[in-house]
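J.: For the working numbering, add 2 to where a residue sits in the sequence shown, where the first one is 1.
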Amino acid sequence: MDKVYIVTSGAYSDYHIDAVFINEEKAKAYCECHTDRRIEEYGLSDNDIYTPFNIVEITYHLNPIYVADLEPKFEFEKLNLEEYGNCDKNSDEVQLTGGDDRIILQRRLPDIYDEKEIRRKYTKALYDLKAEIKYMLSQQDTSTYEKRKEAENNILEAIKDKFGIEKE
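(1) Do you know offhand how far Ile51's Cα is from Lys126's?
(2) Under DSSP, the beta strand (DSSP E) around Ala29 begins and ends at which residues?
(3) Can you list, in chain order, the stretches of the beta strand (DSSP E) that have 3 or more residues and sit fully within the segment 32 to 115?
(4) Counting pairs of beta carbons, one from the segment 55 to 67 and one from the segment 32 to 42, are three or more of them closer than 8 angstroms?
(5) Specify the secondary structure class of Tyr7 as computed by DSSP and reduced to three states.
(6) Taking all protein chains shown into account, decide if Asp103 is buried (16 or more other Cβ within 10 angstroms of its Cβ) or exposed.
(7) Terminal residues of the continuous beta strand (DSSP E) containing Asp20?
(8) In its own chain, which residues sit with a C-beta less than 6 angstroms from the C-beta of Leu128, not counting the 5 before and 5 after it?
(9) Would you mind sorting Tyr17 into buried or exposed? The rule is 16 or more other CB atoms within 10 Å of its CB.
(10) Return the first residue and the last residue of the alpha helix (DSSP H) that Asp143 is part of.
(11) Decide if the segment 92 to 100 is in contact with the segment 146 to 157; the criterion is three or more beta carbon pairs, one per stretch, under 8 angstroms apart.
(12) According to DSSP, simplified to helix, strand and coil, what is Asp130?
Written out as structure tokens, the structure is:
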């Protein structure tokens, strides 16, 4: 008994569930007594394990093109380790595109955290680093893809210890 049979009818905005069965024969019998019904078969997820964790992804544009990009953008999410295990670690990324240059930080957060404090702390750190990063960029050739990648690595190396927070 690891499946459920859902009888539905309608389409688009009129689509709805009419009945739910754990026995396929009963679902078929129901459909025989009612017109224009379909059976949808789904597996149960009761035995699946989900280990939740919190992350924040922070995007900060160094050369903002739009007013909306003047401030760092924070995306707080609750993910699960089984599906998003690769997001379970802190990471830093610098993207130099020759125009819309940005820093992207991902931080794992504790189960309980203060969103306002996270925003305050990282906004201040990013504002403090902006001048240093812009100066570093002015001193490096970024005319080719390879040179931009080298500059990205140099910036990452220079700022890696500036946040001082391995795990919130």
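Note that the Cβ used here is the ideal one computed from N, Cα and C, for glycine as well.
T.: Working from what's here:
(1) Translated into positions along the sequence shown, residue 51 becomes position 49. Translated into positions along the sequence shown, residue 126 becomes position 124. Each residue's alpha carbon lies about 38 angstroms from the other.
(2) Against the sequence shown, residue 29 aligns to sequence position 27. Not the beta strand (DSSP E): Ala29 falls in the alpha helix (DSSP H), residues 26 to 35.
(3) Note on the segment 32 to 115: whole beta strand (DSSP E) runs with a minimum of 3 residues are 40 to 45, 54 to 63, 75 to 82, 93 to 97, 104 to 111, in chain order.
(4) With a cut-off of 8 angstroms on Cβ pairs, the segment 55 to 67 is not in contact with the segment 32 to 42, counting fewer than three such pairs.
(5) By one-based count along the sequence shown, residue 7 stands at place 5. Strand.
(6) Counting from one through the sequence shown, the residue named residue 103 turns up at place 101. Per the 10 Å Cβ criterion, buried.
(7) Residue 20 sits at position 18 when you count from the first residue of the sequence shown. From DSSP, the beta strand (DSSP E) with Asp20 extends over 18 to 23.
(8) The count along the sequence shown starts at 1 and reaches residue 128 at position 126. Within the same chain, Tyr62, Pro74 come within 6 angstroms of Leu128 by CB-CB distance, once the 5 residues on both sides are set aside.
(9) The residue labelled residue 17 in the question sits at position 15 within the sequence shown. So Tyr17 ends up on the exposed side.
(10) For the purposes of this step, residue 143 is identified with residue 141 of the sequence shown, where counting begins at 1. Per DSSP, Asp143 belongs to no alpha helix (DSSP H) and is neither H nor E.
(11) Short answer: they touch.
(12) Here the question's residue 130 lines up with position 128 in the sequence shown. Residue state for Asp130 is assigned as helix, using DSSP reduced to three classes.
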